Structure formats: structure tokens, C-alpha cells
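S.K.: Those letters in the sequence shown? Residues 10 to 342, per this note's numbering, in order.
Here a beta-carbon is modelled for each residue, glycine too, at the ideal position from N, C-alpha and C.
Computed from a predicted structure; not experimentally measured.
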Amino acid sequence: MSEKTSVIDVCIAGTGSYVPEKILTNEELAARVDTSDEWIVTRTGIKERRIAADDEFTSHMASKAARRALEQAGLEPLDIELIIVATITPDTPTPATACHVQQQIGAFNAVAFDISAACSGFLYAMKISKRLISDGAFKNALIIGAEKLSTVTNWEDRSTCVLFGDGAGAAILRRAEPGEGSIVATEMGTDGNLTHLLEIPGGGSACPITSENVNQHTHTLNMQGKEVFKIAVNRMKEAAEKVIARAGWKAEEIACVIPHQANRRIIDAIADRLAVPNERVFINLHKYGNTSAASIAIAMDEANRTGAFKRGEYIVLVAFGAGLTWAAAAIRW
Ligand code: UT7
10 MSEKTSVIDV CIAGTGSYVP EKILTNEELA ARVDTSDEWI VTRTGIKERR IAADDEFTSH
70 MASKAARRAL EQAGLEPLDI ELIIVATITP DTPTPATACH VQQQIGAFNA VAFDISAACS
130 GFLYAMKISK RLISDGAFKN ALIIGAEKLS TVTNWEDRST CVLFGDGAGA AILRRAEPGE
190 GSIVATEMGT DGNLTHLLEI PGGGSACPIT SENVNQHTHT LNMQGKEVFK IAVNRMKEAA
250 EKVIARAGWK AEEIACVIPH QANRRIIDAI ADRLAVPNER VFINLHKYGN TSAASIAIAM
310 DEANRTGAFK RGEYIVLVAF GAGLTWAAAA IRW
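1) Relative to the C-alpha of K259, which candidate in G234, Q270, V285, F238 has its C-alpha closest?
2) Please list the terminal residues of the continuous beta strand (DSSP E) segment that includes F329.
3) Round the Cβ separation of A61 and S26 to the nearest angstrom and send it over; I've been treating them as touching at under 8 Å.
4) Taking the DSSP output, what are the residues bridged to W335?
5) When the Cα atoms are used, what is the spatial distance from E196 to K157?
6) Which residue's Cα is closest to the Cα of I21: I181, E37, Q81?
7) Under 8 Å by Cβ, that's how I've got A95 and A134 pegged, so tell me the actual separation to the nearest angstrom.
8) In the DSSP assignment, what are the bridge partners of N299?
9) Less than 8 Å separating the beta-carbons of R341 and V171?
10) Would you say M70 and A177 are within 8 Å of each other, going by their C-beta atoms?
11) Which value, in whole angstroms, describes the spacing of the CA atoms of I97 and P104?
12) Grab me the residues of S11's own chain with a C-beta within less than 6 Å of its C-beta, minus the 5 sequence neighbours each way, in chain order.
13) In the DSSP assignment, the beta strand (DSSP E) including G154 goes from what residue to what residue?
14) Would you tell me roughly how many angstroms separate the C-alpha atoms of F131 and S220, rounded to the nearest one?
15) Is E85 helix, strand or coil by DSSP?
16) Taking just the CA atoms, how far does D144 sit from R184?
17) Quick check: does the Cβ of T44 come within less than 7 Å of any heavy atom belonging to ligand 1?
18) Measuring only the C-alpha atoms, how far is I292 from G54?
19) Per DSSP, I341 forms a beta bridge with which residues?
20) Assign G211 to buried or exposed, taking buried as 16 or more other Cβ atoms, counted over all protein chains shown, within 10 Å of its Cβ.
21) How close, in whole Å, do the beta carbons of A126 and V252 come, if the pair is a contact with beta carbons under 8 Å?
22) Touching or not, the segment 101 to 117 and the segment 313 to 330, by the rule of three or more beta carbon pairs under 8 Å?
23) Measuring only the C-alpha atoms, how far is S411 from D43?
24) Return the residue from the list I124, I92, P86, R140 that minimises the CA-CA distance to G115.
25) So with Cβ pairs under 8 Å, would you call I292 a contact of chain D?
26) Confirm, please, whether the CB-CB distance from G321 to D200 is below 8 Å.
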């Protein structure tokens with residue numbers, strides 16, 4: 010899906026993130042299921058992940074990330090006119106987690122809704138809000154990727170339970186002033202023929218939770234990892250190449266690539282195919298694992314706050330997830 014040049018440029022005015030305190034290490038997982046630190050690190054690059062407390066919901070993590078992004082942007086909650094939360098683990102099926110966030114941070118002037126595009130959700134939210142701002146519908150938007158994946162993880166399945174973690178990341182998008190950065194190009198894609206490769210089969214209208222199926226793990230994540238792996242590399246590479254070409258950039262001009270943090274081997278393969286040196290690829294999955302919609306949002310905030318790129322530099326975000334979905338963005342910071 011391509012786009013025309015926007016009339017009004019849209020910039021990222023602030024970022025924020027939050028991860029729960031509790032750390033779950035590979036060693037702790039190896040005491041629960043038949044796995045090892047060595048297998049997890051070699052096959053995925055993950056060392057540990059964060060697990061939210063029982064009374065810490067997706068909206069709570071989202072609101073903490075949002076407050077940090079607002080502070081960095083120098084905006085008040087009432088300045089926000091649009092809130093989009095990307096998540097596959099909403100507090101409740103309805104109302105949207107974004108409505109809880111609106112209430113928790115006091116952003117009572119904002120329209121708020123959720124989107125479900127799995128690990129690509131934050132970049133889908135970025136494209137939607139960028140377009141709504143550049144069309145003049147809203148001035149300031151808050152986009153959030155937030156997940157409590159620990160609630161949809163099958164802790165008896167070693168092929169998936171080692172992968173996922175909890176957390177939230179946020180960004181404030183607003184109309185850019187002349188000379189400020191902008192979201193230069195975005196790309197989104199979906200292949201609904203491949204829904205079966207990565208899914209939570211139960212808990213929805215197709216398979217409501219019943220007292221009979223509640224113990225059969227139908228409400229947890231299932232993934233055919235090998236198939237997803239191959240498609241992820243190809244789709245992320247293509248999506249990143251599209252936004253880089255549309256922005257008119259060369260690989261050597263890119264200061265930082267922030268890929269979805271699912272697997273170190275996928276990230277390395279993409280860096281290689283894009284001809285971007287490894288030191289310009291931001292990685293934090295060793296600390297957090299795969300946090301789905303929160304993944305790129307947390308990574309972008311950490312990269313921003315640790316000085317991985319400066320104002321005016323070129324960065325590329327690229328994601329892939331259930332759907333199957335994929336997305337990318339080229340941003341002049
Ligand atoms: O976020 C959305 C997008 N998701 C992704 O992009 C994830 C894509 N997929 C992956 O990252 C990888 O496929 C995984 C990390 C999930 C799996 O890595 P893999 O190299 O594809 O391993 P595999 O599934 O082919 O399994 C290899 C072996 C199997 O044993 P056999 O059949 O060779 O004897 C598995 O049973 O590793 C075994 N295995 C494990 N062993 C120890 C699977 N999980 C584990 C484990 N510990 N946790």
C-alpha cells in the first residue's frame with residue numbers, strides 16, 4: 010500500500026516506554042520446561058524478558074509509557090486529540106484499552122480506539138495517525154504499542170514460552186514545524202492466507218472459552234516458527250526497501266534501523282540484505298524478548314534516549330507479525 014506526499018509534515022515529538030520490574034531469565038525457564046539458556050540464546054538471542062504483575066494490566070503499562078512520551082514532547086494530556094493503542098492483549102475485549110488509557114492519563118479531549126495488527130500494530134498506528142494529522146483531522150496524536158503477552162503464553166510449550174515478554178512503548182505525533190523532522194514514507198501489508206501460522210485460536214467468536222476447552226491452551230499463542238521465520242525475513246526486507254526507496258535514501262545514509270525484536274537471526278539476516286552495518290541496527294531483544302506491538306515502540310524509545318540517532322538523521326522502522334502483517338516507516342528524526 011503506497012501513499013501520496015502529505016500536505017502537512019508529521020514528526021515524532023516524543024517517545025516513552027515502560028517495562029515491568031519482574032525479570033524472567035532463561036535459567037528460570039529452563040527449570041520449568043525442557044530448554045536451556047544455550048538453546049534460547051543461540052536460536053533467538055533472548056536472555057531474559059519482563060513479566061507484568063497480576064494487577065498490572067496492558068493499559069497501566071501503556072499509560073506509563075504515554076506519560077513519558079508526553080513529558081518528552083512537552084505536551085499536556087489535554088493537548089492530545091487522538092489515542093491509538095496497538096495490542097493483541099487488551100485489558101478486556103471491550104471497551105478498547107485506549108479508552109482506559111485516556112482515563113488513566115486524563116486525555117479527555119482525545120478520540121481513543123485500539124487496533125489489532127499484532128507485532129506490526131505500532132507501525133499501522135503510526136501510518137493511520139500520520140494520515141489523520143496530515144489531513145488536518147487532528148493536531149496531536151498518542152500512539153502506543155502495549156502487550157501483556159504473559160497472559161496468552163502457553164507456559165508448557167517450550168517452542169513459544171521462551172520467546173515472549175510484557176511491556177509498552179509510546180510516541181507523540183504532531184504537525185511538524187518547518188525544519189523539523191518528519192515521517193517521510195510508510196508501508197503496510199497483509200497476507201490473510203497465512204492466518205494459521207501465528208494465532209490465538211480461542212477466546213473469540215470462533216472458539217469462545219468454555220469450561221470444557223479452558224484447559225486446552227486454546228487461548229494461548231500458537232506459532233509455526235520455521236515458516237514464519239522465512240516469510241518474516243523476506244517481507245521485512247521488502248517493506249524496508251520500499252520506504253527507503255520512496256524516501257530517496259541510500260543504505261549508507263541510514264543512521265539506525267529498528268527492526269521488530271523477534272529473533273536475532275531474523276534481525277541479522279535483514280541487516281545483511283539491506284546492506285546496513287550491524288552497529289547501525291538497534292537491538293534490545295536480549296532484555297525483553299518479543300513484546301509484539303510494544304517491540305518497536307520500546308526499541309525506538311530506548312534508541313532515542315540513548316542517542317542511537319540525532320535530530321535530522323535517517324531512521325527506518327520495520328515490523329512483522331501475525332495476520333500475517335508487515336510494515337515499515339522511514340523517518341527523518
Ligand atoms: O513476532 C512475530 C513474528 N515471529 C517471528 O518472527 C518468530 C519466527 N521464528 C523463530 O524465531 C524461530 O523459528 C524459533 C525461535 C521460534 C524456533 O527456532 P528454529 O531454529 O526455527 O527451531 P525449530 O522450531 O526448527 O526447532 C528446532 C529444534 C526442534 O527439535 P528437533 O525436532 O530438531 O529435535 C525443537 O523441538 O529445537 C527444538 N526446540 C527447542 N529446544 C530447546 C524448540 N524449542 C526449543 C526450546 N528449547 N525452547
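M.R.: So, from the listed chains and residues:
1) V285
2) Counting along the chain, the beta strand (DSSP E) containing F329 begins and ends at 323 to 330.
3) Incorrect: roughly 14 Å between the Cβ atoms, too far for contact.
4) G198, F329
5) Here the alpha carbons of K157 and E196 stand approximately 26 Å from one another.
6) Nearest neighbour of I21 by Cα position, chosen from I181, E37, Q81, turns out to be I181.
7) 5 Å
8) F173
9) no
10) yes
11) If you take the alpha carbons of I97 and P104, they lie about 14 Å apart.
12) Note that S11 has pLDDT 44, beneath the 50 cutoff, so the model's placement of it is unreliable and the number below is only indicative. Same-chain partners within the cutoff: there are none.
13) 149 to 157
14) 34 Å
15) coil
16) Spanning the two alpha carbons is a distance of roughly 10 Å.
17) True, at least one ligand heavy atom lies under 7 Å from that Cβ.
18) 10 Å
19) Sequence inspection shows Arg at residue 341; the Ile mentioned does not correspond to that position. DSSP output for R341 lists S191, Y323 as bridge partner(s).
20) buried
21) Actually they do not touch by this definition, with Cβ atoms about 17 Å apart.
22) no
23) For the chain, the structure presents residues 10 to 342; residue 411 sits outside this window and is missing.
24) Residue P86 is the option with its Cα nearest to G115.
25) Note that chain D does not occur in the displayed structure, where there is just one protein chain.
26) no
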